[in-house]
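All remarks here apply to the structure that follows.
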Amino acid sequence: MKALLLVDIQNGFCPGGNLPVPDGDKVVPIVNRLIDSGKYDLIVASQDWHPPGHGSFASAHPGAVPFEMGELSGKPQMMWPDHCIQGTLDAELHPELKSEEIDLIQQKGEDPGIDSYSAFRDNDRDASTGLSDFLEDQGVTDLDVCGLATDYCVKFSVLDALEMMPGVRVRFIEDASRGITPEGVAAAIDEMRAHGIAVINSADALRE
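Position one of the sequence shown corresponds to residue 1 (full-length UniProt numbering), numbered consecutively onward.
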């Protein structure tokens, strides 16, 4: 049972969004080819789904500036611009993404007191979204992961999938993902490889 996890391919992380990843929209046609390929038995997606005033927003902390380190619930936290607020256009999946083919959309980041980069659990590694249980219940044996952004939500989703679903083969699709900075992307890929994650491209996935 082979599954594809699409991480946060939302308007907010694409050009014109509130927290755009450079060339974030360029992943959409690549992802659509993966969806159309018939290579995957199951397609799931994560969706950042923050309440207004989420604690990761710089605007929730007087004097805080976006993209500086602050604190949330006593722990270091990157201060982000307001983004992917529940029910807004910014939070919607990219309009050109073939979202009608997605079997499950897993929302995350709903607790205002903790951020959730990973599709599987919050940053405290405490509260689970339930996605790992769902995939295991479906009998998933292979999981390919891609989306936005490589150096944050994708990396943490990949590493959590590896840890939370022992026995499942987890791979990262590099060209179907984009990151915030080149340095961050390189470090994320190094970290994934160090954990034994195979880094592939979409052509590799389509050949199988």
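Here a beta-carbon is modelled for each residue, glycine too, at the ideal position from N, C-alpha and C.
For residue i: DSSP bridge partner residues
i: VAL145; result: LEU5, PHE172
i: LYS75; result: LEU72
i: ILE85; result: HIS50
i: PHE57; result: TRP80
i: ILE43; result: LEU4
i: ARG207; result: DSSP, once it has assigned bridges, lists no residue as partnering ARG207.
i: GLN138; result: According to DSSP, GLN138 bridges with nothing at all.
i: ILE105; result: ALA45
i: SER128; result: ARG121
i: LEU93; result: GLN10
Extent of the continuous beta strand (DSSP E) to which residue i belongs
i: SER98; result: What sits at residue 98 in the sequence shown is Lys, not Ser. Unbroken run through LYS98: none, as it is neither H nor E.
i: VAL199; result: 198 to 200
Length of the line joining the Cα atoms of residue i and residue j
i: VAL168; j: VAL44; result: 16 Å
i: GLY139; j: HIS61; result: 43 Å
i: ASN11; j: GLY24; result: 9 Å
i: ARG171; j: MET165; result: 13 Å
i: MET192; j: PRO51; result: 30 Å
i: GLU110; j: ALA198; result: 31 Å
i: ASP103; j: ILE114; result: 27 Å
i: ASP137; j: PHE156; result: 22 Å
i: LEU131; j: ILE105; result: 9 Å
i: PHE67; j: PRO81; result: 8 Å
i: GLY184; j: PHE134; result: 30 Å
Extent of the continuous alpha helix (DSSP H) to which residue i belongs
i: GLY184; result: 182 to 194
i: VAL31; result: 27 to 36
i: SER157; result: 155 to 164
Cβ separation of residue i and residue j, assumed to be a contact under 8 Å, to the nearest whole Å
i: ALA3; j: LEU143; result: 5 Å
i: VAL27; j: LEU148; result: 7 Å
i: CYS146; j: VAL7; result: 7 Å
Touch test, the stretch 21 to 39 against the stretch 67 to 81, Cβ-Cβ under 8 Å, three pairs minimum: no
Given 8 Å, three or more beta-carbon pairs between the stretch 89 to 101 and the stretch 112 to 119: no
Inter-stretch contact (C-beta, 8 Å, three-pair minimum) for the stretch 17 to 37 and the stretch 95 to 103: yes
Contact between the stretch 168 to 187 and the stretch 52 to 62 (3+ Cβ pairs under 8 Å): no
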